[in-house]
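Take a look at the structure set out below.
There are 2 protein chains.
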Amino acid sequence: MEQSSKRIGKQTVRFQNPVNILSAASTVGPKEGEGPLKEYFDQVITDILYGQKSWEKAESRFVEENMKLAVKKAGMSMEQVDYILCGDLLNQCAGSTFGIRALNRPFFGLFGACSTMGEAMSLGSMLIDGGFAQNVLLGASSHFCSAEKQFRFPLDMGTQRPQTSTWTVTGDGAVVLGRKKGAVRITEVTTGKIVDLGVTDANNMGAAMAPAAADLMMAHFRDTGRGPKDYDLILTGDLGTVGRELVVELLAKEGYYLDQRYTDCGIEIYDPKTQDTHAGGSGCACSAVTFCGYYYPMLLKGKLRRILFIPTGALMSPTTSQQGESIPSIAHGLVIESPEKEEY
Amino acid sequence: MEQSSKRIGKQTVRFQNPVNILSAASTVGPKEGEGPLKEYFDQVITDILYGQKSWEKAESRFVEENMKLAVKKAGMSMEQVDYILCGDLLNQCAGSTFGIRALNRPFFGLFGACSTMGEAMSLGSMLIDGGFAQNVLLGASSHFCSAEKQFRFPLDMGTQRPQTSTWTVTGDGAVVLGRKKGAVRITEVTTGKIVDLGVTDANNMGAAMAPAAADLMMAHFRDTGRGPKDYDLILTGDLGTVGRELVVELLAKEGYYLDQRYTDCGIEIYDPKTQDTHAGGSGCACSAVTFCGYYYPMLLKGKLRRILFIPTGALMSPTTSQQGESIPSIAHGLVIESPEKEEY
């Protein structure tokens, strides 16, 4: 079978044209604004309702304002955006569709649960490299209150949360990709398969998603011939402390040894000792705001040269869980590089 | 601003490499199997539960079985599929994720409501033309019972439906796109923007979506310099009779006159006189199964040479409607051609 030109393995493509990150923006809620990364986010909104009448409308406002900010930071106008790609956790992806409704751009809605930022960056990069777009605006959002209400219990009940549970991040992370020269670029994409090892505990998403993250890493290493040491940082999306430990174990079984250069956005975004967040952060916004606010600037400054970014998602719904189904999960991987000045 | 090479207008791209439709498969439920197109579908499943314990699980089985059928019809194995792209109406796109879970292929989940088939065909074509994939498997599904339960009322209530309402199609339509030579190809894609003229009546989706379909057609004609007469068929997704009439009116205001060569999948799939379907069919599967079962074979036989296929979607959720929101809509356009034998 003839191989397509950009495919370098069963799940990985390498771009032939530079796919540049022209800007990254992060807008977060009050809890994220009190966490260890507080000074790195572009905007901290202390009102969890963001001036709206419902949490769902608040989430849409996070999307809209942060998308506009990303475009502004890229020094362009909304009219220069050829496509918007985004998604979220709400039923019928309402956070995204109502959030970008007024932006008047061609739109592809995505659903990858908390892996959505990875999915959006993957497809967005392909639209740039493939010659379909000059600029793509993409992002992912979540909101603690709208997610708890939809997936778990009414907030007013004050239900006790087990130690394996994670805290849904409130906010939106957005990126502008373009063909115009930039200092940070996406060079490879490894696309995940659904992995389901039968975990049914919706209060232990880290355990449900860890096998998908591990599967993605192994596929990536196999396709590229690289290993963990070839990256300054490997960054999963929202596995938290429980999930990270499982990934380390699963990889060790296959002979890949992850060290302190592997972390998870859900571990970095909160301080469990002072913030009562148990196993860490989660939600589509977790990887999106942590990458946009904290790690993208490190790439931009050359403090990181090559990272493997792996947003992770649990593809369940309350209905499927009520029907006794397990939690299918997925992860999408991106190699993001900041070449030495002379290289670009 | 430099234009990307494949862009031929603000919302349209034209492919430089042939994007061939290698197969199309359609599996439908009992009501569709009694309608005017009954003899054209590959499989009619007379058990609305498809042997499962819930409507949601039944929808996933429609997805899985029909996806497998599309691959079989293309004469290939599942391992030759580089990516799956699909989506549906269920919360967290559970029909698709649970449907393709066992297929073990790299997966991008989409949410475009009933425009999902158009979105999947658009992005799938770009993955082929851009050199990222040899073969892409894509599709969209819906199920009357799971949709009614989620969006409207418990079926047991037997709620009376107004004449403007449509009937959600049960089934799955799936296509294999590839680089391998084929008789039918996708040549252009026009990507829709969200259009929201303030319609709030969830029992009149045709009226909510018609402006998005009209907007897409006008963008397509403007980008390509063509008009309605340049197509053997213009085919919208699930506007039904009410929506079709509005589209004709909206286009006439702009000087484009649609004639009987314009129809809607929701009009073709049921017989309202004998099937009590009121304004027509709807749901992600409406355009997917009608295209795959009925129109693709007409292209294959050369009875149609060039069509403009426009799946339409209403991007609301029960929550947004309960909060008084209007219904944002979108449409995605594809030019699908069946060139004379000597041309390919």
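First to last, the sequence lines map onto chains A and B.
Per my numbering: the first sequence = residues 80 to 423.
Per my numbering: the second sequence = residues 80 to 423.
Cβ coordinates follow ideal geometry from the N, Cα and C atoms, glycine included.
Terminal residues of the alpha helix (DSSP H) in which residue i lies
i              : result
C365 (chain A) : C363 to T369
R384 (chain A) : Counting along the chain, R384 (chain A) falls outside any alpha helix (DSSP H), and DSSP gives it neither H nor E.
T399 (chain B) : P397 to Q401
E198 (chain A) : T195 to D208
Y162 (chain B) : From DSSP, Y162 (chain B) is part of no alpha helix (DSSP H) but of the beta strand (DSSP E) over Y162 to D167.
A79 (chain B)  : The structure shown does not extend to residue 79 (chain B), since chain B spans only 80 to 423, so no value can be given for it.
M377 (chain B) : Y375 to L379
Environment of residue i [buried if 16+ CB atoms lie within 10 Å]
i              : result
Y373 (chain A) : buried
N99 (chain B)  : buried
Q229 (chain A) : buried
F94 (chain B)  : buried
N283 (chain A) : buried
E333 (chain A) : exposed
K382 (chain B) : exposed
K308 (chain B) : exposed
E81 (chain B)  : Residue confidence for E81 (chain B) is low, a pLDDT of 44 falling below 50, so the modelled location carries little weight; the figure read from the coordinates is stated next. With fewer than 16 other Cβ atoms within 10 Å, it is exposed.
F120 (chain A) : buried
G237 (chain B) : exposed
G154 (chain B) : exposed
Q90 (chain A)  : buried
S84 (chain A)  : exposed
S156 (chain B) : exposed
K136 (chain B) : buried
For residue i, the nearest candidate out of the options (CA to CA)
i              : options                           : result
Y310 (chain A) : A:A219, A:G319, A:G316 and A:F300 : A:F300
S396 (chain A) : A:P390, A:F388 and A:S405         : A:S405
S175 (chain B) : B:T247, B:E347 and B:H222         : B:H222
E267 (chain A) : A:L330, A:V254, A:M157 and A:T303 : A:T303
L329 (chain B) : B:A199, B:A364 and B:L276         : B:L276
T249 (chain A) : A:I265, A:G322, A:L128 and A:T399 : A:L128
I389 (chain A) : A:L234, A:T315 and A:T356         : A:T315
C371 (chain B) : B:E113, B:Q122 and B:Q354         : B:Q122
C363 (chain A) : A:D208, A:D338 and A:W246         : A:W246
T356 (chain A) : A:A226, A:P241, A:E118 and A:G108 : A:P241
T125 (chain A) : A:P109, A:D235 and A:E135         : A:P109
S133 (chain A) : A:A173, A:S156, A:E118 and A:E111 : A:A173
D280 (chain B) : B:S225, B:K136 and B:R231         : B:R231
L148 (chain B) : B:L217, B:V92 and B:F187          : B:L217
Beta-carbon gap between residue i and residue j smaller than 8 Å
i              : j              : result
G285 (chain B) : A367 (chain B) : no
L164 (chain B) : V215 (chain B) : yes
I409 (chain A) : G191 (chain A) : yes
E31 (chain B)  : P115 (chain B) : Here chain B comprises residues numbered 80 to 423, so residue 31 (chain B) is not present and cannot be evaluated.
T106 (chain A) : F141 (chain A) : yes
S204 (chain A) : H411 (chain A) : no
V326 (chain B) : A292 (chain B) : yes
L394 (chain B) : K259 (chain B) : no
L169 (chain B) : E144 (chain B) : no
L379 (chain B) : A262 (chain B) : yes
M288 (chain B) : G322 (chain B) : yes
D167 (chain B) : A103 (chain B) : no
P185 (chain A) : G88 (chain B)  : no
R86 (chain A)  : F211 (chain B) : yes
G306 (chain B) : Y341 (chain B) : no
R264 (chain B) : P376 (chain B) : no
S244 (chain A) : A358 (chain A) : yes
C193 (chain A) : G319 (chain A) : no
I207 (chain A) : L256 (chain A) : yes
D317 (chain A) : C365 (chain A) : yes
Residue i - containing beta strand (DSSP E), residue span
i              : result
T73 (chain A)  : For chain A, the structure presents residues 80 to 423; residue 73 (chain A) sits outside this window and is missing.
V150 (chain A) : Segment W134 to K152 is the alpha helix (DSSP H) holding V150 (chain A); no beta strand (DSSP E) there.
S175 (chain A) : First-last for S175 (chain A): A173 to I179, but that is the alpha helix (DSSP H), not the beta strand (DSSP E).
S408 (chain B) : S408 to A410
F186 (chain B) : F186 to G188
L46 (chain A)  : A query on residue 46 (chain A) cannot be resolved here, the shown segment of chain A reaching from 80 to 423 and no further.
T125 (chain B) : Careful: T125 (chain B) lies outside any beta strand (DSSP E) and carries neither H nor E.
A358 (chain A) : Premise fails: A358 (chain A) is in no beta strand (DSSP E) and is neither H nor E.
G392 (chain A) : T391 to A393
Going residue by residue through the segment 318–350 of chain B, where are the continuous alpha helix (DSSP H) segments of at least 4 residues, counting only ones entirely within it?
319–332 and 344–347
Can you give, in chain order, each stretch of the beta strand (DSSP E) that sits fully within the segment 238–316 of chain B and has at least 3 residues?
250–257, 264–269 and 312–315
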